[in-house]
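Quick note: the sequence shown uses my numbering, first residue 1, plus one each step.
Cβ atoms here follow ideal geometry from the backbone N, Cα and C, with glycine treated the same way.
Note that this is a predicted model, so its numbers are computed, not measured.
Read the structure below first, then the notes.
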Amino acid sequence: MDGRQKDKPIMQTSRPTPYSLLVTHFARLLIPLLLLSACTLPTIPATMTATPVVDPFEQNQQLGRGINLGNTLEAPREGEWGLTIRDEYFPIIAKAGFDSVRIPIRWNAHAQMEPPYTIDSSFFARVDHVVAKALDAGLLVVINIHHYEEIMIDPPAHRERMLALWDQIASHYQDAPPEVIFEVLNEPNNRLTAGHWNELLAAAIEVIRVTNPTRNVMVGPANWYNVNWLADLELPEDEHIIVSVHYYDPFRFTHQGAEWVPGSDPWLGSTWTGEGGQTEAVERDLSLAASWGERNNRPINLGEFGAYSKADMASRVLWTHHVARTAEELGMSWAYWEFASGFGAYDPVAKQWRAELLGALIPE
Ligand code: GLC
Numbered sequence: 001m002d003g004r005q006k007d008k009p010i011m012q013t014s015r016p017t018p019y020s021l022l023v024t025h026f027a028r029l030l031i032p033l034l035l036l037s038a039c040t041l042p043t044i045p046a047t048m049t050a051t052p053v054v055d056p057f058e059q060n061q062q063l064g065r066g067i068n069l070g071n072t073l074e075a076p077r078e079g080e081w082g083l084t085i086r087d088e089y090f091p092i093i094a095k096a097g098f099d100s101v102r103i104p105i106r107w108n109a110h111a112q113m114e115p116p117y118t119i120d121s122s123f124f125a126r127v128d129h130v131v132a133k134a135l136d137a138g139l140l141v142v143i144n145i146h147h148y149e150e151i152m153i154d155p156p157a158h159r160e161r162m163l164a165l166w167d168q169i170a171s172h173y174q175d176a177p178p179e180v181i182f183e184v185l186n187e188p189n190n191r192l193t194a195g196h197w198n199e200l201l202a203a204a205i206e207v208i209r210v211t212n213p214t215r216n217v218m219v220g221p222a223n224w225y226n227v228n229w230l231a232d233l234e235l236p237e238d239e240h241i242i243v244s245v246h247y248y249d250p251f252r253f254t255h256q257g258a259e260w261v262p263g264s265d266p267w268l269g270s271t272w273t274g275e276g277g278q279t280e281a282v283e284r285d286l287s288l289a290a291s292w293g294e295r296n297n298r299p300i301n302l303g304e305f306g307a308y309s310k311a312d313m314a315s316r317v318l319w320t321h322h323v324a325r326t327a328e329e330l331g332m333s334w335a336y337w338e339f340a341s342g343f344g345a346y347d348p349v350a351k352q353w354r355a356e357l358l359g360a361l362i363p364e
């Protein structure tokens with residue numbers, strides 16, 4: 001247990017944006033497809049499904065190099081943690097060479113507490129807009145349930161609500177292109193132990209499959225997606241799964257001075273040079289995930305890794321470079337934590353990338 005918890009400063013509030021370009025995006029994909037099939041086929045097959053099937057291994061390759069839009073829609077209200085997603089971020093991210101974005105979303109803060117646990121329609125509209133902008137920029141998009149802290153404390157009490165959230169999210173995006181990937185729940189921890197989690201993830205996937213029979217779904221192991229807990233992860237017999245892990249080791253280095261990690265101030269000044277077994281430790285840890293993937297025939301994604309801005313830049317760059325390259329060598333897709341906040345590779349005030357960090361993620 002690394003005992004992570006969140007308590008971030010409140011800054012400003014958000015404003016929802018109206019429903020937009022998601023439909024345009026589908027139409028752009030669908031119209032040429034329909035025209036093409038009209039020319040080449042005598043009739044359009046009655047069985048044609050809205051969402052083409054993409055092999056999870058192939059899609060994991062397409063996820064390639066990604067970045068998390070952290071601290072935005074995972075805040076209790078967008079903007080409260082200092083960053084609001086701007087439309088132009090997506091072309092900026094794509095132009096820098098990234099293939100995908102992961103958008104952490106706190107759906108549970110925008111849904112009723114009682115049945116039927118309805119998700120606020122203006123929040124759906126905001127997520128629609130963000131997802132459409134990402135797709136427009138040519139990026140794959142992972143959307144998840146992030147910071148459902150209540151379920152970590154009392155899993156049975158929140159089971160029904162969590163499944164109701166997935167029922168709504170899955171039906172809402174059932175016609176989205178396959179480039180939209182669902183991730184069941186970020187970093188199960190605390191009382192949501194492996195036993196509870198294996199049962200809950202299977203139930204959530206069953207709910208998702210009602211409306212999205214073949215969309216690729218991401219899940220990670222209990223205990224914060226820690227590679228060592230893959231051994232306890234049990235998956236349903238479902239072909240369309242990508243397994244995700246997170247990596248922040250050495251934790252005292254990556255989380256030094258992190259306001260949401262009690263007791264992390266004494267870690268300030270920890271460096272990472274790669275010496276004294278440090279590079280090997282990264283390789284050993286990530287290899288655990290890769291070999292689990294091989295044994296279980298599942299593609300592996302490294303969905304978060306990053307070092308907080310209170311660590312020195314030289315160490316952050318070395319560590320980030322080594323983790324990203326190791327993941328790539330092991331055939332994993334990855335997503336850096338995160339775009340433009342406390343771990344940010346992009347400076348949203350100066351409106352420019354932090355060149356060293358970007359270079360560590362995407363070398364020339
Ligand atoms: C987890 C948390 C996120 C945090 C990150 C690094 O993803 O959910 O909010 O910033 O880890 O600690």
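Contacting residues, own chain, Cβ-Cβ under 8 Å from residue i (five flanking each side not counted)
| i | result |
| --- | --- |
| P56 | N216, E239, H240, I241, I242, R298, P299 |
| I362 | R65, A96, G97, F98 |
| E283 | T326 |
Integer-rounded CB distance, given that residue j should sit under 8 Å from residue i
| i | j | result |
| --- | --- | --- |
| R102 | A75 | That pair is no contact at about 15 Å. |
| R65 | F98 | 5 Å |
| V317 | A281 | With 8 Å as the limit, V317 and A281 do not qualify as a contact, their Cβ atoms being about 18 Å apart. |
| T211 | Q168 | T211 to Q168, Cβ: 10 Å. No contact. |
| A170 | I143 | Going by Cβ atoms, the distance from A170 to I143 rounds to 11 Å, so no, they are not a contact pair. |
| S100 | A335 | 7 Å |
| E304 | H246 | 4 Å |
| A202 | L165 | Their Cβ separation, rounded to whole angstroms, is 16 Å, which puts A202 and L165 out of contact at 8 Å. |
| P104 | H146 | 4 Å |
Element boundaries [alpha helix (DSSP H), containing residue i]
| i | result |
| --- | --- |
| M152 | 149 to 153 |
| A203 | 194 to 211 |
| I85 | Taken as a continuous stretch (DSSP letters only), I85 belongs to no alpha helix (DSSP H), as it is neither H nor E. |
| Y225 | 222 to 225 |
Contacting residues, own chain, Cβ-Cβ under 6 Å from residue i (five flanking each side not counted)
| i | result |
| --- | --- |
| Y248 | T254 |
| S309 | G342 |
| E338 | N68, G70 |
| L34 | Because the pLDDT at L34 is just 44, under 50, the model does not fix this residue reliably, and the value given afterwards should be weighed accordingly. Within the same chain, L34 has no close Cβ partners at all. |
| P91 | A137 |
| S315 | T271, W272 |
Residue i (DSSP reduced to helix, strand or coil)
| i | result |
| --- | --- |
| F343 | coil |
| L140 | strand |
| E183 | strand |
| Y248 | coil |
| W107 | helix |
| R102 | strand |
| E80 | coil |
| Q174 | coil |
| R354 | coil |
| V130 | helix |
| V282 | helix |
| M113 | coil |
| I362 | coil |
| P348 | coil |
| I241 | strand |
| I119 | strand |
| N60 | helix |
| E167 | Just to set this straight, residue 167 is Asp in the shown sequence, not Glu. The answer is helix: DSSP assigns D167 an H, G or I state. |
| E160 | helix |
Close Cβ partners of residue i (< 7 Å) along its chain, the five nearest in sequence each way excluded
| i | result |
| --- | --- |
| E179 | L135, L140, V141 |
| L83 | N71, T72, A340, S341, P348 |
| L41 | Unreliable placement is indicated for L41, whose pLDDT of 40 sits below 50; the coordinate value is still reported in the next sentence. Excluding residues within five positions, none has a Cβ falling inside 7 Å. |
| W353 | A96, A345, Y346 |
| A109 | P76 |
| T279 | H322 |
| I368 | Here the chain covers residues 1 to 364 and nothing more, so residue 368 does not appear. |
| D265 | G257 |
| D312 | T271 |
Residue interval of the beta strand (DSSP E) (run including residue i)
| i | result |
| --- | --- |
| M313 | That residue, M313, is in no beta strand (DSSP E); its alpha helix (DSSP H) goes 313 to 329. |
| S333 | 333 to 336 |
| L302 | 300 to 305 |
| N68 | 65 to 68 |
| V217 | 217 to 219 |
Any non-hydrogen atom of ligand 2 within 8 Å of residue i CB
| i | result |
| --- | --- |
| F124 | The ligand content of the structure shown is limited to ligand 1, which means ligand 2 is not among them. |
Residue-chain proximity (residue i, chain C), Cβ-Cβ < 9 Å
| i | result |
| --- | --- |
| K351 | Note that chain C does not occur in the displayed structure, where there is just one protein chain. |
Is there contact here, the stretch 219 to 226 with the stretch 173 to 189, by at least three beta-carbon pairs under 8 Å?
yes
Any contact of the stretch 229 to 239 with the stretch 255 to 263, i.e. 3+ C-beta pairs under 8 Å?
no
Determine contact between the stretch 119 to 133 and the stretch 59 to 68, defined as no fewer than three beta-carbon pairs at a distance below 8 Å.
no
Determine contact between the stretch 146 to 165 and the stretch 194 to 203, defined as no fewer than three beta-carbon pairs at a distance below 8 Å.
yes
Count the C-beta pairs between the stretch 225 to 234 and the stretch 266 to 283 that are closer than 8 Å, then say yes if the count reaches three, no if not.
no
For the pair the stretch 82 to 89 and the stretch 325 to 332, tell me if three or more CB-CB distances fall below 8 Å.
no
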